[in-house]
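J.: Position 204, counted from 1, in the sequence shown is what this note's numbering calls 334; the numbers after and before it change by one each time, with no gaps. Supplied in structure tokens, the structure appears directly below.
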Amino acid sequence: MQRLGFKEWLAAGRAIARGDLLRDSSPGQACAKFEERLCAMLGARHALTVNSGTTALVTALAALEVGPGDEVLVPAYTWMSSAAAPVHVGAVPVLVDIDETLTIDPEDIERKITPHTRAIIPVHMNNRPCNMDAIMAIARKHNLLVIEDACQAIGVKYGDRYCGTIGDAGTLSFNQHKNMTAGEGGAVLFNSDRAYARAFNFHDIGMSFRNRKFADAEPEFLGFNYRASEITGAMLNVQLSRLPRRLAGMRRRRDILRAALRDGGHPVAPSHDDDAALGLVVTFDTEDEATAFATRRGVARIHDNTKHVYTNWAPIMNKRTFHPRMNPWEWAQSRIEYTPDMCRRTLDLMRRSCRIGLGESYPVPLVRASARQFRQG
Ligand SMILES: *Cc1c(COP(=O)(O)O)cnc(C)c1O
131 MQRLGFKEWL AAGRAIARGD LLRDSSPGQA CAKFEERLCA MLGARHALTV NSGTTALVTA
191 LAALEVGPGD EVLVPAYTWM SSAAAPVHVG AVPVLVDIDE TLTIDPEDIE RKITPHTRAI
251 IPVHMNNRPC NMDAIMAIAR KHNLLVIEDA CQAIGVKYGD RYCGTIGDAG TLSFNQHKNM
311 TAGEGGAVLF NSDRAYARAF NFHDIGMSFR NRKFADAEPE FLGFNYRASE ITGAMLNVQL
371 SRLPRRLAGM RRRRDILRAA LRDGGHPVAP SHDDDAALGL VVTFDTEDEA TAFATRRGVA
431 RIHDNTKHVY TNWAPIMNKR TFHPRMNPWE WAQSRIEYTP DMCRRTLDLM RRSCRIGLGE
491 SYPVPLVRAS ARQFRQG
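Here you go:
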């Protein structure tokens, strides 16, 4: 499967030839076109292109008015950005265990809710949807916001809806490792007009002159510059056209590998939508079995990808920000502590689980040949 090719090169070249690389609200721009197409494909009301998945999360939280004094529930297995984003808006992350699906555990969400909890960030890790029915029910019951981190699940469904369109906001990342890429980039999805208007203001420093559509929505407030360039927008339009084929290719490889794993009697981890979930995980009874299995081709133990293990998020674990007086933990409503053993269940699951690479960049016959190593047990 081709990831980047002549079409991206041509689209970026056209954008450069056009010479209008700054995103604003002038007609015919690539970012605006991309947002319209993304909304149509995913069934979202609004989309806003930004410059990364991290800034997409920050923008979503700011748009929904999450801020100082708020606690935000975040899974202990994710990329650190999901836990960093609340800090960037003045709130603090509270870590929640994952369950055997390797996504945030709704039961532990309920245990971690306090009077200060304001939002939940479920993360659809590794193209595997979270239990959104349970999470949305908890959110309604406790009046919490839900920001879906769908950075690792672009185009993946949960039931009949797409990841990122179910909660109050959804975020996507277009960095090099995601389902679609422009090198760097991100997007925020909203169903609320007000949140979108606030997000637009926030992502463009807080001056509405580039945003005629919602200029009167609310007085301007200070933001950042998280704009994506028109080169990014042009490349994303090509990548979006490639996405259905890319996902179909992943699905095909998943089916081959999953059948082989099941034939070989390997314990494939459950998911919240076996048809939609693309990422394959096997979870053993013991750590040793997982370590041995991880020596096979295309297999990696989840715990060994240390960047996604919360104990290695040094700035969060040590509550260190760029300035000691700009530190949300200092003004949190209660003392938030992070210890290496605070999410033991997550650590245990990560140690006993392996991720099976789908081999998206290899032809199907090669994936089939590689799958034989699982069929024999
Ligand atoms: C990649 C990723 C992000 C952040 O994306 P960037 O574009 O690298 O900022 C956030 N959350 C998760 C779960 C991710 O995988």
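Ideal Cβ placement from N, Cα and C applies to all residues, glycine included. Since we're looking at a predicted model, the values are computed, not measured.
Return helix, strand or coil for Ser401, following the three-state DSSP convention.
T.: coil
J.: Starting from Pro223, trace the beta strand (DSSP E) both ways and give me its first and last residue.
T.: Start and end: Val222 to Val226.
J.: Who are Leu134's beta bridge partners in DSSP?
T.: BP columns for Leu134 are empty, so no partner.
J.: I want to check one thing, is the minimum distance from the CB of Gln282 to the heavy atoms of ligand 1 below 6 Å?
T.: yes
J.: Apply the 10 Å Cβ neighbour rule to Asn442 and answer buried if 16 or more other Cβ atoms are within range, or exposed otherwise.
T.: exposed
J.: With DSSP as the reference, identify every bridge partner of Tyr288, one or two as the case may be.
T.: Arg291
J.: State the DSSP-derived secondary structure class of Asn435, mapped to helix, strand or coil.
T.: coil
J.: Given 8 Å as the limit, is there contact between the segment 279-298 and the segment 245-256, that is, 3 or more CB pairs closer than that?
T.: yes
J.: Please tell me whether Cys473 and Ala424 are closer than 7 Å, where the distance is taken between their beta carbons.
T.: no
J.: I'd like to check one pair, Thr189 with Val202: are the Cβ atoms closer than 7 Å?
T.: No, the Cβ-Cβ distance between Val202 and Thr189 is not below 7 Å.
J.: Counting Cβ pairs closer than 8 Å, one from the segment 436-450 and one from the segment 398-406, do we hit at least three?
T.: no
J.: Excluding the five sequence neighbours on either side, which residues of its own chain have a C-beta within less than 7 Å of the C-beta of Met210, listed in chain order?
T.: Trp443 and Ile446
J.: Under three-state DSSP, which class holds Pro205?
T.: strand
J.: On the DSSP bridge list, what partners appear for Gly300?
T.: Glu278 and Leu319
J.: Check each candidate in Thr469, Ala299, Asn273 and Gln503 and name the one with the smallest Cα separation from Gly394.
T.: Among Thr469, Ala299, Asn273 and Gln503, the Cα nearest to that of Gly394 belongs to Gln503.
J.: How far does the alpha helix (DSSP H) with Leu370 in it reach, from first residue to last?
T.: Leu370 -> alpha helix (DSSP H) spans Glu360 to Asp393.
J.: According to the Cβ coordinates, are Ala177 and Ala317 closer than 7 Å?
T.: Going by C-beta atoms, Ala177 is nearer than 7 Å to Ala317.
J.: Using a threshold of 7 Å, state whether the C-beta atoms of Ala160 and Ala364 are closer than that.
T.: yes
J.: Which class does Ser500 belong to by DSSP, given the choice of helix, strand or coil?
T.: helix
J.: Put Thr451 into one of helix, strand or coil per three-state DSSP.
T.: In the structure shown, the three-state DSSP call for Thr451 is coil.
J.: Taking Gly507 as the reference, give the member of Ala430, Asp471, Asn435 and Glu419 with the closest Cα.
T.: Glu419
J.: Once you ignore the five residues that flank Tyr356 on each side, which residues in its own chain have a CB closer than 7 Å to its CB?
T.: Val180, Asn181, Thr185, Thr189 and His333
J.: Are three or more beta carbon pairs between the segment 211-222 and the segment 231-243 nearer than 8 Å?
T.: no
J.: Between which two residues does the alpha helix (DSSP H) containing Val217 stretch?
T.: Ser211 to His218
J.: Mind the definition here: the segment 295-310 touches the segment 144-157 only if three or more C-beta pairs lie below 8 Å; say whether that holds.
T.: no
J.: Quick one, are the C-beta atoms of Asp403 and Tyr288 less than 7 Å apart?
T.: The answer is yes: Cβ separation under 7 Å.
J.: Does at least one heavy atom of ligand 1 sit under 6 Å from the Cβ of Gly183?
T.: yes
J.: Which residue comes first and which comes last in the alpha helix (DSSP H) that contains Leu477?
T.: Arg474 to Arg482
J.: Just to confirm, are Ile228 and Thr476 a CB contact at a threshold of 7 Å?
T.: Contact flag set, yes.
J.: Using only the heavy atoms of ligand 1, determine whether one of them is closer than 6 Å to the beta carbon of Trp209.
T.: yes
J.: Span of the alpha helix (DSSP H) holding His544?
T.: This structure gives no information on residue 544, because the portion of the chain shown stretches from 131 to 507.
J.: Please report how far the alpha carbon of Asp290 lies from the alpha carbon of Ala407, in whole angstroms.
T.: 13 Å
J.: Could you tell me the alpha carbon to alpha carbon distance between Leu319 and Gly294, rounded to whole angstroms?
T.: Taking C-alpha positions only, Leu319 is separated from Gly294 by approximately 7 Å.
J.: Within its chain, find whatever has a CB closer than 6 Å to the CB of Gln463; leave out the 5 residues flanking it on each side and keep chain order.
T.: Gly199 and His246
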